[in-house]
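Residue numbers (mature numbering (1 follows the signal peptide of the UniProt record, and there is no 0)): -22 to -1, 1 to 272.
Spelled out as structure tokens, the structure:
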């Protein structure tokens, strides 16, 4: 029998790990607008910008700066993403952005797996501290830490959430892209960006999020049962029951945050940084849910 605590635990996992159709965000570099020839001219990157990637707003288009050179970039919500420096040094953000260019899937897999794992550790720590009858110590927490649950969360975040959401967000970009846009056209207006973001959120929360969440719930329950000694058929039945009983309540929880988070994400966050934004939103949501449940 699936109880309410199990359902809330699954909601916790989904909302921290699944930057909702969320959650491992987008890796696509395809976008709508193309910068205008009159866009802000390139400029050299100096000072702190040489050591750390910087995001700043530009008028008339979007530029992606690499090692001090500005090149056209896809529709990133009117932002300029600057990284690297002209002397060859790289900041952390610059290295991350370059990894998204060269190895997007692997980068997303690692990012999602690590942040899902961190989120679950923090959730377990809060639950343990709340339920503890004695003072919290690192040793006592590590002794009580559910490593199997942690491993399953991390693996599913890496191997399910990251690749599935990668291609789903790519499909959203393609479905909502302005088919009439031509090279050299001005960047989309604020109203157009908001309208496109609204369309993406609507598709995401009515189609993508329920399917991705249901898949995560099924795989998590199946893996948990299977590693606890249940057979394949029995594990499948338990997973099916979990999805049947838990998907609606899980979506009700996720709809309290992710439509707003994704609206901000799709409208204002550069495509390359959406995964980072949503993963950290999911991390905070995980902590909130853990406190509420416990």
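From the three backbone atoms N, C-alpha and C, an ideal C-beta is built for every residue, glycine too.
Local conformation of residue i per DSSP, three classes
{"i": "residue 123", "result": "coil"}
{"i": "residue 159", "result": "coil"}
{"i": "residue 188", "result": "helix"}
{"i": "residue 248", "result": "coil"}
{"i": "residue 30", "result": "Here residue 30 scores only 40 on pLDDT, less than 50, and its place in the model should not be relied on; the value that follows carries that caveat. Residue 30: coil per DSSP, three-state reduction."}
{"i": "residue 164", "result": "coil"}
{"i": "residue 208", "result": "coil"}
{"i": "residue 90", "result": "helix"}
{"i": "residue 113", "result": "coil"}
{"i": "residue 327", "result": "Nothing can be reported for residue 327: it is not among the residues displayed for the chain, which extend from -22 to 272."}
{"i": "residue 260", "result": "helix"}
{"i": "residue 81", "result": "coil"}
{"i": "residue 95", "result": "helix"}
{"i": "residue 193", "result": "helix"}
{"i": "residue 69", "result": "coil"}
Candidates the options: closest to residue i by CA position
{"i": "residue 246", "options": "92, 207, 175 and 182", "result": "175"}
{"i": "residue 222", "options": "92, 86, 90 and 193", "result": "193"}
{"i": "residue 189", "options": "70, 177 and 224", "result": "224"}
{"i": "residue 134", "options": "75, 208 and 86", "result": "86"}
{"i": "residue 122", "options": "106, 112 and 128", "result": "106"}
{"i": "residue 129", "options": "244, 197 and 229", "result": "197"}
{"i": "residue 244", "options": "75, 173 and 124", "result": "173"}
{"i": "residue 143", "options": "191, 248 and 170", "result": "191"}
{"i": "residue 136", "options": "84, 170, 187 and 184", "result": "84"}
{"i": "residue 187", "options": "147, 93, 170 and 218", "result": "147"}
{"i": "residue 237", "options": "218, 261, 219 and 177", "result": "177"}
{"i": "residue 232", "options": "218, 262 and 93", "result": "262"}
Assigned exposure category for residue i - 16 Cβ within 10 Å defines buried
{"i": "residue 79", "result": "exposed"}
{"i": "residue 258", "result": "exposed"}
{"i": "residue 89", "result": "buried"}
{"i": "residue 250", "result": "buried"}
{"i": "residue 168", "result": "exposed"}
{"i": "residue 207", "result": "exposed"}
{"i": "residue 226", "result": "exposed"}
{"i": "residue 131", "result": "buried"}
{"i": "residue 205", "result": "exposed"}
Close Cβ partners of residue i (< 6 Å) along its chain, the five nearest in sequence each way excluded
{"i": "residue 216", "result": "199 and 203"}
{"i": "residue 140", "result": "2, 86, 87 and 90"}
{"i": "residue 241", "result": "175 and 179"}
{"i": "residue 239", "result": "259"}
{"i": "residue 201", "result": "130"}
{"i": "residue 218", "result": "none"}
Cα-Cα separation between residue i and residue j, rounded to whole angstroms
{"i": "residue 153", "j": "residue 253", "result": "19 Å"}
{"i": "residue 126", "j": "residue 72", "result": "34 Å"}
{"i": "residue 115", "j": "residue 95", "result": "20 Å"}
{"i": "residue 103", "j": "residue 119", "result": "7 Å"}
{"i": "residue 182", "j": "residue 214", "result": "27 Å"}
{"i": "residue 67", "j": "residue 77", "result": "The pLDDT assigned to residue 67 is 48, lower than 50, so where the model puts this residue is not dependable, and the model offers no usable value."}
{"i": "residue 98", "j": "residue 158", "result": "44 Å"}
{"i": "residue 18", "j": "residue 165", "result": "Caution applies to residue 18, whose pLDDT of 42 falls short of 50 and renders its modelled position unreliable; the value that the coordinates give is listed next. About 12 Å."}
{"i": "residue 195", "j": "residue 209", "result": "18 Å"}
{"i": "residue 212", "j": "residue 138", "result": "22 Å"}
{"i": "residue 229", "j": "residue 110", "result": "30 Å"}
{"i": "residue 124", "j": "residue 108", "result": "16 Å"}
{"i": "residue 185", "j": "residue 145", "result": "14 Å"}
{"i": "residue 170", "j": "residue 82", "result": "27 Å"}
{"i": "residue 234", "j": "residue 256", "result": "15 Å"}
{"i": "residue 92", "j": "residue 149", "result": "25 Å"}
Residue-level contact to chain B via CB, residue i, 8 Å cutoff
{"i": "residue 84", "result": "Within the model displayed, chain B is absent; a lone protein chain is all it includes."}
8 Å Cβ shell around residue i - same chain, five flanking residues per side excluded
{"i": "residue 112", "result": "118"}
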